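Asks: Those protein sequence lines, which keep their order, are chains V and F.
Oh and the first sequence: position 14 is 21 in my numbering, straight run, nothing missing.
Oh and the second sequence: position 581 is 596 in my numbering, straight run, nothing missing.
For every residue, glycine included, the Cβ atom is placed at its ideal position computed from N, Cα and C.
Since this is a predicted model, take the numbers as computed values, not measurements.
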Amino acid sequence: MKTHTLTVNGKAQQVEAADDMPLLWVLRDLLDLKGTKYGCGQAQCGSCTVLLGDTAVRSCTLTVSQVGERSVTTIEGLSENGDHPLQKAWIAHVVPQCGYCQTGQIMNAAALLRRTPSPSEADIEQAMAGNLCRCGTYNRIKEAIQSAAQ
Amino acid sequence: MMPTFPFSKNKPDQQHTSTIFAPSRRDFIKISSLAGGGLLLGVSFQCTGKGKTSTFSPNVYLSISTDNLVTIIAHRSEMGQGIRTSLPMIVADEMGADWARVQIVQAEGDEEKYGNQNTDGSFSVRMFYEPMRKAGATARHMLIRAAAQKWGVEESSCTAEKSMVVHAETGKSLTFGELAAEAQELELPDQESLQLKDSGSYKLVGKDVPIVDLEDMVTGKAVFGADVRLDGMKVAVIQRTPVVGATMASYDDKAALAIPGVEKVVPIKGSGNPPGLNKPLEGLAVIAGNTWAAIKGREALEITWDLGENASYDSRSQMESMLKSTLAEGRVRRNRGEFKTAKSTASRVLDRSFQAPFYAHATIEPPAALASYKDGKMEIWAPTQHPQWARDSVAEACAMEAADVRVNVTLLGGGFGRKSKPDYVVEAALLAKETGMPIRVQWTREDDLHHDFFHAHSAQRIVATLDAQKKLSGWNHHTVFPSIGATSNPEELHPSDGELGLGCIDFPFEVPHIRIETHESTAHTRIGWLRSVSNIHHAFAICAMMDEIAEARGVDPVEQALELLADDAKLDFAGEIEGDFGNYGESLEDYPWETKRLKNVIRRVAKEADWGKTLPEGHAMGFAVHKSFLTYVACIAEIARDESGTITIPEVHYAVDCGIGVNTDRIRSQFEGGAIFGTSIANTSAITLKAGKVEQHNFDGYHLARMPQSPKKIYVHLIDSSRKPTGVGEPPVPPLAPALANAYYKLTGKRIYQLPFSMA
Ligand code: FES
Ligand code: FES
Numbered sequence: 008m009k010t011h012t013l014t015v016n017g018k019a020q021q022v023e024a025a026d027d028m029p030l031l032w033v034l035r036d037l038l039d040l041k042g043t044k045y046g047c048g049q050a051q052c053g054s055c056t057v058l059l060g061d062t063a064v065r066s067c068t069l070t071v072s073q074v075g076e077r078s079v080t081t082i083e084g085l086s087e088n089g090d091h092p093l094q095k096a097w098i099a100h101v102v103p104q105c106g107y108c109q110t111g112q113i114m115n116a117a118a119l120l121r122r123t124p125s126p127s128e129a130d131i132e133q134a135m136a137g138n139l140c141r142c143g144t145y146n147r148i149k150e151a152i153q154s155a156a157q
Numbered sequence: 016m017m018p019t020f021p022f023s024k025n026k027p028d029q030q031h032t033s034t035i036f037a038p039s040r041r042d043f044i045k046i047s048s049l050a051g052g053g054l055l056l057g058v059s060f061q062c063t064g065k066g067k068t069s070t071f072s073p074n075v076y077l078s079i080s081t082d083n084l085v086t087i088i089a090h091r092s093e094m095g096q097g098i099r100t101s102l103p104m105i106v107a108d109e110m111g112a113d114w115a116r117v118q119i120v121q122a123e124g125d126e127e128k129y130g131n132q133n134t135d136g137s138f139s140v141r142m143f144y145e146p147m148r149k150a151g152a153t154a155r156h157m158l159i160r161a162a163a164q165k166w167g168v169e170e171s172s173c174t175a176e177k178s179m180v181v182h183a184e185t186g187k188s189l190t191f192g193e194l195a196a197e198a199q200e201l202e203l204p205d206q207e208s209l210q211l212k213d214s215g216s217y218k219l220v221g222k223d224v225p226i227v228d229l230e231d232m233v234t235g236k237a238v239f240g241a242d243v244r245l246d247g248m249k250v251a252v253i254q255r256t257p258v259v260g261a262t263m264a265s266y267d268d269k270a271a272l273a274i275p276g277v278e279k280v281v282p283i284k285g286s287g288n289p290p291g292l293n294k295p296l297e298g299l300a301v302i303a304g305n306t307w308a309a310i311k312g313r314e315a316l317e318i319t320w321d322l323g324e325n326a327s328y329d330s331r332s333q334m335e336s337m338l339k340s341t342l343a344e345g346r347v348r349r350n351r352g353e354f355k356t357a358k359s360t361a362s363r364v365l366d367r368s369f370q371a372p373f374y375a376h377a378t379i380e381p382p383a384a385l386a387s388y389k390d391g392k393m394e395i396w397a398p399t400q401h402p403q404w405a406r407d408s409v410a411e412a413c414a415m416e417a418a419d420v421r422v423n424v425t426l427l428g429g430g431f432g433r434k435s436k437p438d439y440v441v442e443a444a445l446l447a448k449e450t451g452m453p454i455r456v457q458w459t460r461e462d463d464l465h466h467d468f469f470h471a472h473s474a475q476r477i478v479a480t481l482d483a484q485k486k487l488s489g490w491n492h493h494t495v496f497p498s499i500g501a502t503s504n505p506e507e508l509h510p511s512d513g514e515l516g517l518g519c520i521d522f523p524f525e526v527p528h529i530r531i532e533t534h535e536s537t538a539h540t541r542i543g544w545l546r547s548v549s550n551i552h553h554a555f556a557i558c559a560m561m562d563e564i565a566e567a568r569g570v571d572p573v574e575q576a577l578e579l580l581a582d583d584a585k586l587d588f589a590g591e592i593e594g595d596f597g598n599y600g601e602s603l604e605d606y607p608w609e610t611k612r613l614k615n616v617i618r619r620v621a622k623e624a625d626w627g628k629t630l631p632e633g634h635a636m637g638f639a640v641h642k643s644f645l646t647y648v649a650c651i652a653e654i655a656r657d658e659s660g661t662i663t664i665p666e667v668h669y670a671v672d673c674g675i676g677v678n679t680d681r682i683r684s685q686f687e688g689g690a691i692f693g694t695s696i697a698n699t700s701a702i703t704l705k706a707g708k709v710e711q712h713n714f715d716g717y718h719l720a721r722m723p724q725s726p727k728k729i730y731v732h733l734i735d736s737s738r739k740p741t742g743v744g745e746p747p748v749p750p751l752a753p754a755l756a757n758a759y760y761k762l763t764g765k766r767i768y769q770l771p772f773s774m775a
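Structure below.
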């Protein structure tokens with residue numbers, strides 16, 4: 008057990024955790040940030056996606072000791088009032104079904120738009136291919152990203 | 016309590032009626048912790064069987080508070096189908112409530128209070144549409160009466176809209192809240208004379224209404240199974256038996272207990288063989304202060320298993336023997352005419368075999384449940400489709416009274432039938448009772464894929480005969496797969512009547528000689544129901560075969576389907592079916608099998624997709640039609656191959672007759688999602704077992720359709736209907752795989768006889 012200092016959603020936080028504890032469990036179990044979801048633990052599904060700086064990462068395979076100085080943004084910190092353009096677009100297109108995968112989808116899309124502000128359909132498909140949705144909301148996700156990008 | 020299968024909701028000889036009543040305020044406060052004055056109504060749902068009447072049990076409560084807020088208790092589980100929105104919409108619309116002033120509260124699992132809450136089998140709207148309307152209409156009548164009395168005017172001159180009663184002539188108006196206390200004092204209106212709105216005047220029903228949980232879902236605030244926290248809560252991760260029915264011979268937990276954070280290791284006694292549908296598997300639980308420590312602790316366990324009889328099970332060799340079994344005569348389940356004669360006089364015989372694998376539900380939220388045991392009472396928080404079955408199973412496993420077990424339903428991160436089985440809830444309860452600590456059981460993805468209640472793998476053989484005029488003269492369908500029933504009763508060797516009722520026995524086409532047979536197989540893993548159940552493999556084989564028959568006859572498959580549905584008829588299969596034709600638990604009088612409605616969706620989909628048009632080079636279309644859960648569905652899929660040889664799915668069209676559409680947006684979203692679920696079934700997913708163990712461990716072995724592989728445009732064409740609403744959660748799935756398989760044949764010349772098939 009070791010003390011790690013992390014910057015999460017703009018706030019410096021100290022946690023006691025084993026070096027190899029994935030960021031996902033640090034967020035969910037130690038910092039009570041439960042919007043980040045577990046789906047596979049193997050970087051296969053994308054439900055645990057958060058931003059590290061401006062890049063989307065799978066928090067289930069990134070250990071707490073690998074985070075270092077970089078700032079972590081979770082769904083709770085994406086916007087102050089749930090009004091990030093992607094969140095608004097998600098609502099306008101009524102994207103979620105069960106909703107479970109959606110926070111990971113939104114975080115992944117946020118990284119895409121930071122990198123590529125006007126993505127083509129092919130860009131979106133390529134960027135979002137790592138995020139599974141068993142309820143099958145892909146087409147609305149695509150539409151929501153397109154309208155948020157405009 | 017027996018499990019309720021999705022396809023046998025109630026016996027066809029049973030009748031449902033509903034009653035509105037005025038509950039005591041004390042009862043209401045007990046269930047909802049909502050106090051205060053105002054109007055309070057309950058809807059009870061009565062089930063009358065042959066010659067007996069069950070007692071009334073209130074299903075749903077609705078209240079109007081003096082501060083003008085309408086509260087509706089949602090008694091069904093939300094798992095992405097939008098039911099927490101759709102049912103309250105019906106009530107609110109009948110009432111004339113302002114949707115912005117309606118709040119929805121999730122009910123706990125309690126059959127006495129809410130009646131059957133099993134959310135399965137695409138039947139929530141179907142069953143509760145009328146009672147919800149009546150509840151809303153009752154409230155509206157009482158509010159109007161209260162206003163009319165106050166103003167001394169005729170009730171018929173008042174209207175209720177936007178949570179206000181208005182008297183147009185004088186321009187007077189009062190809010191529901193202002194009238195609630197007076198309305199509460201009035202007699203309930205007579206149910207028989209209750210005036211329901213006609214569907215034309217609905218403001219919500221039949222429209223697109225955003226789901227109520229939307230904002231929480233996009234901000235991370237939505238509470239799923241693993242998101243509830245209690246003081247002192249621990250996390251358990253369980254090493255379960257690798258082979259169903261195996262027992263633990265010995266274990267060593269020293270290394271596990273040495274991991275920082277691990278507090279305890281507790282064995283769970285499993286059900287053995289047969290595994291049953293509501294019992295935990297044998298296992299060893301590692302209990303820790305956080306999830307990661309529990310996962311690492313489990314990795315460190317050393318367990319010796321007595322693997323038992325299923326250790327020699329190999330799903331591939333069972334598939335071989337199931338296929339072989341279809342070559343012999345089986346048990347005849349439906350017979351019309353004399354198939355053997357048709358065969359001996361046939362001008363051509365087509366004899367084809369079809370295979371489909373085991374499928375896992377793979378909800379992105381794996382099973383999880385939290386249990387807390389204090390002072391002889393158990394409280395549970397779980398993402399469950401069937402809270403009452405969970406409660407009763409916990410009570411049985413923990414030797415408690417059901418009344419001492421309370422099940423709170425969280426949102427479900429996908430259900431698809433998996434989360435009606437309460438095994439994971441029972442695990443949490445057993446551990447909480449044993450340790451005295453609040454315990455959250457967390458399944459990993461590996462646990463989920465290894466220990467699911469799988470959709471059964473299946474072998475089918477269809478022999479079709481053409482007569483001298485090239486007409487389809489005979490249809491002989493053999494089907495064999497381990498039955499769901501075998502999970503609790505190994506004597507069940509044949510598919511049940513219920514399972515055959517899922518898209519096999521009700522083969523609707525006008526063919527003079529029909530013979531449907533089943534064969535024996537055994538279950539060596541847990542078999543359960545998955546979104547649309549046996550319709551998955553039955554629709555695949557039937558619709559793929561019909562396409563091949565059309566080709567052999569030199570006719571268009573869409574034309575052939577219309578031709579073989581012949582004249583408008585209500586099918587009853589009278590005298591042909593051995594055993595019960597379930598009709599999804601409904602009588603054929605209430606929900607007749609109408610060929611007209613099927614022809615209607617076929618024509619509509621052909622028109623919308625422009626079937627027969629000249630397609631660009633490298634494109635092809637496939638057609639399939641399949642009725643399930645009382646909903647009529649026709650589907651056309653278009654596929655395309657690019658220069659690199661990659662095949663994609665540019666378009667899928669569905670035409671759907673599901674009666675009255677309540678929330679049209681959620682109907683469309685169910686079909687969009689169903690098409691993608693169907694794409695996984697068709698192209699990517701399969702579970703296999705070797706030496707009794709599942710061979711897929713995570714999403715790198717059990718593949719789901721991802722965005723690039725999924726249909727790019729999914730069009731849902733709803734038939735405008737005033738018929739009773741029917742299911743929409745499951746019906747999109749069955750026709751998708753055969754529509755794709757038929758398109759694939761047109762593009763490549765290769766017929767598909769086995770799922771999944773890769774289009775890459
Ligand atoms: S949980 Fe991290 S990618 Fe699936
Ligand atoms: S909305 Fe259910 S998994 Fe994506």
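Anyone know if the C-beta pair for Glu442 of chain F and Ala251 of chain F falls short of 9 Å?
Replies: yes
Asks: Apart from the five residues just before and just after Tyr107 of chain V, which ones in its own chain have a Cβ nearer than 7 Å to its Cβ?
Replies: Lys44, Ser54
Asks: By a C-beta neighbour count over all protein chains shown, 10 Å radius and 16 as the cutoff for buried, is Gly516 of chain F buried or exposed?
Replies: buried
Asks: Closer than 9 Å between beta carbons: that is the criterion. Which residues of the segment 660–690 of chain F meet it against chain V?
Replies: Asp680, Arg681, Ser684, Gln685, Glu687, Gly688, Gly689, Ala690
Asks: Could you work out which residues of chain V lie near Arg460 of chain F, taking near to mean beta carbons separated by less than 9 Å?
Replies: Tyr45, Gly46, Cys47, Gly48, Gln49, Gln51, Cys52
Asks: Would you mind sorting Asn504 of chain F into buried or exposed? The rule is 16 or more other CB atoms within 10 Å of its CB.
Replies: exposed
Asks: Buried or exposed for Ser359 of chain F, going by 16 or more other Cβ atoms inside 10 Å?
Replies: Answer is exposed; the Cβ neighbour count stays below 16.
Asks: Could you check the C-alpha separation between Pro497 of chain F and Asp595 of chain F for me, to the nearest Å?
Replies: 19 Å
Asks: Tell me, please, which residues DSSP counts as bridged to Tyr669 of chain F.
Replies: F:Cys650, F:Val731
Asks: Just to check my reading of the structure: Leu580 of chain F and Lys614 of chain F have Cβ atoms closer than 8 Å, yes? What is that Cβ distance to the nearest angstrom?
Replies: For Leu580 of chain F against Lys614 of chain F, the beta-carbon gap comes to about 5 Å, under 8 Å, which counts as contact.
Asks: Around the Cβ of Val347 of chain F, are there at least 16 other Cβ atoms within 10 angstroms (buried) or fewer (exposed)?
Replies: exposed
Asks: Report the rounded CA-to-CA distance for Val671 of chain F versus Thr480 of chain F, giving the unit in angstroms.
Replies: 31 Å
Asks: Considering only the beta carbon of each residue, do Ala697 of chain F and Phe638 of chain F sit closer than 9 Å?
Replies: no
Asks: For the beta strand (DSSP E) holding Pro92 of chain V, just list the boundary residues, first then last.
Replies: It is not in any beta strand (DSSP E) - Pro92 of chain V instead sits in the alpha helix (DSSP H) that spans 92–99.
Asks: Is any non-hydrogen atom of ligand 2 found closer than 8 Å to the C-beta of Gln94 of chain V, if you look at the structure I gave you?
Replies: no
Asks: Quick check: does the Cβ of Tyr717 of chain F come within less than 8 Å of any heavy atom belonging to ligand 1?
Replies: no
Asks: Under 9 Å between C-beta atoms, does Gln457 of chain F make it to chain V?
Replies: yes
Asks: Would you decide whether Ala50 of chain F is buried or exposed? Buried here means 16 or more other CB atoms lie within 10 Å of its CB.
Replies: Summary for Ala50 of chain F: the model assigns pLDDT 46, below 50, so the residue's position carries little reliability, and this model does not support an answer.
Asks: If Thr494 of chain F sits next to Gly428 of chain F, beta carbons under 8 Å apart, how far is it from one beta carbon to the other, in whole angstroms?
Replies: The pair is not a contact, with the Cβ atoms about 33 Å apart (cut-off 8 Å).
Asks: Can you find a CB in chain F that lies within less than 9 Å of the CB of Pro29 of chain V?
Replies: yes
Asks: I need the DSSP call for His401 of chain F, collapsed to helix, strand or coil.
Replies: In the structure shown, His401 of chain F sits in coil (DSSP, three-state: anything other than H, G, I, E or B).
Asks: So that I know if they touch, is there some Cβ in chain V lying closer than 9 Å to that of Asp657 of chain F?
Replies: No, Asp657 of chain F lies away from the interface with chain V (no Cβ there is under 9 Å from its Cβ).
Asks: What is the chain-ordered set of residues for which the beta carbon lies under 6 Å from any non-hydrogen atom of ligand 1?
Replies: Spelled out in chain order, the answer is V:Tyr45, V:Gly46, V:Cys47, V:Gly48, V:Ala50, V:Gln51, V:Cys52, V:Gly53, V:Ser54, V:Cys55, V:Arg65, V:Cys67.
Asks: May I ask you to check if the CB of Gly518 of chain F is nearer than 8 Å to at least one heavy atom of ligand 2?
Replies: no
Asks: Determine, for Pro275 of chain F, whether the minimum Cβ-Cβ distance to residues of chain V falls below 9 Å.
Replies: yes
Asks: May I ask you to list the residues that DSSP assigns as paired with Cys173 of chain F?
Replies: F:His182
Asks: Check whether the segment 420–434 of chain F touches the segment 384–398 of chain F, taking contact to mean three or more Cβ pairs, one atom from each stretch, closer than 8 Å.
Replies: Because the criterion of three Cβ pairs below 8 Å is met, the segment 420–434 of chain F and the segment 384–398 of chain F touch.
Asks: Verify the CB distance criterion: does Ser435 of chain F have a CB-CB separation below 9 Å to chain V?
Replies: No - not a single Cβ of chain V is within 9 Å of the one on Ser435 of chain F.
Asks: How do the segment 311–322 of chain F and the segment 31–41 of chain V stand: do at least 3 beta-carbon pairs fall below 8 Å, yes or no?
Replies: no
Asks: Relative to the C-alpha of Ser340 of chain F, which candidate in F:Arg255, F:His492, F:Leu296 has its C-alpha closest?
Replies: F:His492
Asks: Closest by CA to Leu139 of chain V, which one among F:Ser725, F:Thr741, F:Tyr768?
Replies: For the residues F:Ser725, F:Thr741, F:Tyr768, the minimum Cα distance to Leu139 of chain V belongs to F:Ser725.
Asks: Hey, would you say the C-beta of Thr378 of chain F is under 8 Å away from at least one heavy atom of ligand 2?
Replies: yes
Asks: Tell me which residue opens and which closes the beta strand (DSSP E) that Asn350 of chain F is part of.
Replies: 346–351
Asks: Taking all protein chains shown into account, decide if Met110 of chain F is buried (16 or more other Cβ within 10 angstroms of its Cβ) or exposed.
Replies: Residue environment analysis places Met110 of chain F among the buried positions, since at least 16 neighbouring C-beta atoms fall within 10 angstroms of its C-beta.
Asks: At least one CB of chain F closer than 9 Å to the CB of Gly89 of chain V: is that the case?
Replies: yes
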